[in-house]
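This report refers to the structure that appears directly beneath it.
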Amino acid sequence: MSALPTKNTNAFSWERVLMSMQSNWSFPTDVRFGAGRIRELPQALRDAGIRNPLFVTDQGLASLPITTSTLDILRDAGMAAAVFSDVRANPVLKGVEDGVRMFREGKHDGVIAFGGGSALDTGKTIAFMAHQKGTLWDYDFLNGYWDRADPAAIAPFVTVPTTAGTGSDVGRGAMITDEATHTKKVVFHPLMRAKVVVADPELTVGMPQFITVGTGMDALAHCIESLSSAYYHPMCDAIAVEGVRLIFENLPKAYSNPDDIEARGHMMSAAAMGAVAFQKGMGAVHALSHPVGALYDTHHGMTNGVFLPYVMIANRSAIEDKIARLASYIGLPRTFDAFLEALISLRTRLGVPHTLVGLKVNGERRDEIAEMAIIDSCAPENPVELTRELALEIFDRALEGRLN
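Following the working numbering, the numbering of the sequence shown begins with 3 at its first residue and continues without gaps.
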């Protein structure tokens, strides 16, 4: 048996190791997962103490069969819900304020957040603000103001994801755009967590291919960025690695056969896993994607998918060993380049644009995007310091399609 290093050696610092291994872990969400479990929504609401829910979804979903049938399930259980659907693809403050007004006027006692990331984030934020006395930005997370919120003023909510990407259904935060500054802001509170998640992969079958791919890219970015983070959280690392495997194996199946419930189920699991894993941290993919989405109204997940390889190249010196191990885990040669090539091949197969031009983004606002990226809440979590110069380099590579 080899001896452990002593505390006095110059080559080894126990204090440094112990400090680097300090972090906070939390996996408490109640998830009811499986095909057909949407029929259990009334019981989930009762378990959450909700009797008069506000049903929050987006305009595109509001009239679709998966929504009307869900409302029928509630009605048959004697829990008819009022519907709020003024939700944008990139949610804004006004949508939250209008939803809070409807919540209060209807004397609702809880929220059902039903849909993709935009509807989930809006519904969760409406619940968060339900009985607060201040305005949303009074509780801005980036400025450290989240603890000003009154925990007792947060209404209970149940989340029902209809896409497989953001993982917002299991998260404790939301992204809301401040239209005055064109910035995406983080809303967070430890108690901003669903009482119950009803995760039914049958609800994702009707997703358009673009949304299937875009949300899948979002989940993949969550897993890869959390794995790449320098923070210590081995449970999140393990979850992220398995999430990547599930996505590589099942996103192409869901793309080519939208009715493949097994693939849809694995993607829904991977989305939740990515969201659980990113409590460890994210990085430059999201730090750049947020301002691009705010300024150009691009799909968040698809924007992540474009940036992902360029950020990995920029971070290579810090993440090469991790990505090589990841490559081996998913059945590739144990090298960074093998994984990068597989990622680019996956993007091509799924129709993800190789450059930002494919998302109708140009270079006119590159300086503004770089300035916004380096102060984004995800920037400090990047494994390599995200300077203005590095942000510009990554943006230019993603605009031009330069991989070397």
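Ideal Cβ positions, reconstructed from N, Cα and C, are used throughout, including at glycine.
- With a 10 Å radius around the Cβ and a threshold of 16 neighbouring Cβ atoms, T168 comes out buried.
- For D299, there is no enclosing beta strand (DSSP E), since its DSSP letter is neither H nor E.
- Secondary-structure assignment with DSSP links I75 through no beta bridge to anything.
- Sequence-distant partners of R90 (beyond 5 residues in either direction) whose C-beta falls short of 7 Å from its own C-beta, in its chain, are G97, S120.
- Annotation: the continuous alpha helix (DSSP H) that includes I241 extends over 236-258.
- The alpha-carbon separation between M104 and D180 amounts to approximately 21 Å.
- The beta carbon of R390 is closer than 6 Å to those of A372, I376 in its chain, skipping five residues each way along the sequence.
- Minimum Cα-Cα distance from K362 among the listed residues E383, V199, F341, A400 corresponds to A400.
- Its chain contains T214, D262, A265, R266, M269 as the residues whose beta carbon lies nearer than 7 Å to that of A256, once the 5 sequence neighbours on both sides are disregarded; these appear in chain order.
- Annotation note: the region 329-387 contains the following uninterrupted alpha helix (DSSP H) runs of length 4 or greater, listed N- to C-terminal: 338-352, 368-376.
- Between the C-alpha atoms of D49 and L345 there is a straight-line separation of about 42 Å.
- Judged by DSSP secondary structure, G118 falls outside any beta strand (DSSP E); it is assigned neither H nor E.
- Three or more beta-carbon pairs drawn from the region 281-295 and the region 224-237 are found closer than 8 Å, and the two stretches are therefore classed as touching.
- Per DSSP, V98 is one residue of the alpha helix (DSSP H) stretching across 95-107.
- Taken atom to atom, the span from the alpha-carbon of G173 to that of R106 is near 24 Å.
- The secondary-structure analysis by DSSP pairs P55 across a beta bridge with G112.
- Its chain contains L342, L345, I346, L405 as the residues whose beta carbon lies nearer than 7 Å to that of P311, once the 5 sequence neighbours on both sides are disregarded; these appear in chain order.
- Distance from the CA of A279 to the CA of H191, rounded to the nearest whole angstrom, comes to 17 Å.
- Between the region 147-167 and the region 112-132 there are three or more inter-stretch CB-CB distances shorter than 8 Å, so the stretches are counted as touching.
- V313 is positioned such that its CB atom lies closer than 8 Å to that of I396.
- Counting along the chain, no beta strand (DSSP E) covers F280, and no H or E run does either.
- Between A381 and L388, the gap from beta carbon to beta carbon is short of 8 Å.
- Residue state for T69 is assigned as helix, using DSSP reduced to three classes.
- Burial check for S258: the Cβ neighbour count within 10 Å stays below 16, so the residue is exposed.
- Under the three-state reduction of DSSP, K324 is assigned to helix.
- For V160, the beta-bridge partners assigned by DSSP are I114, V198.
- When the Cα atoms are used, D171 and R150 turn out to be separated by approximately 24 Å.
- In this structure, DSSP gives R34 an extended state, which the three-state scheme calls strand.
- CA-CA distance, E244 to A272, rounds to 8 Å.
- Taking the CA atoms as reference points, L138 sits about 24 Å from T300.
- For V189, there is no enclosing alpha helix (DSSP H); the enclosing beta strand (DSSP E) covers residues 185-190.
- By the CB criterion at 8 Å, P158 and K197 fall inside the cutoff.
- The C-beta separation of G303 from T217 comes to about 5 Å, placing the pair in contact by the 8 Å criterion.
- Non-local C-beta neighbours of V160 in its own chain, meaning closer than 8 Å and more than five positions away in sequence, comprise L43, A46, L47, A50, I52, P55, G112, V113, I114, A115, A196, K197, V198, V199, V200, ordered along the chain.
- With 16 or more neighbouring CB atoms inside 10 Å of its own CB, S87 falls in the buried class.
- Cα atoms of G403 and D152: separation of roughly 47 Å, rounded to the nearest angstrom.
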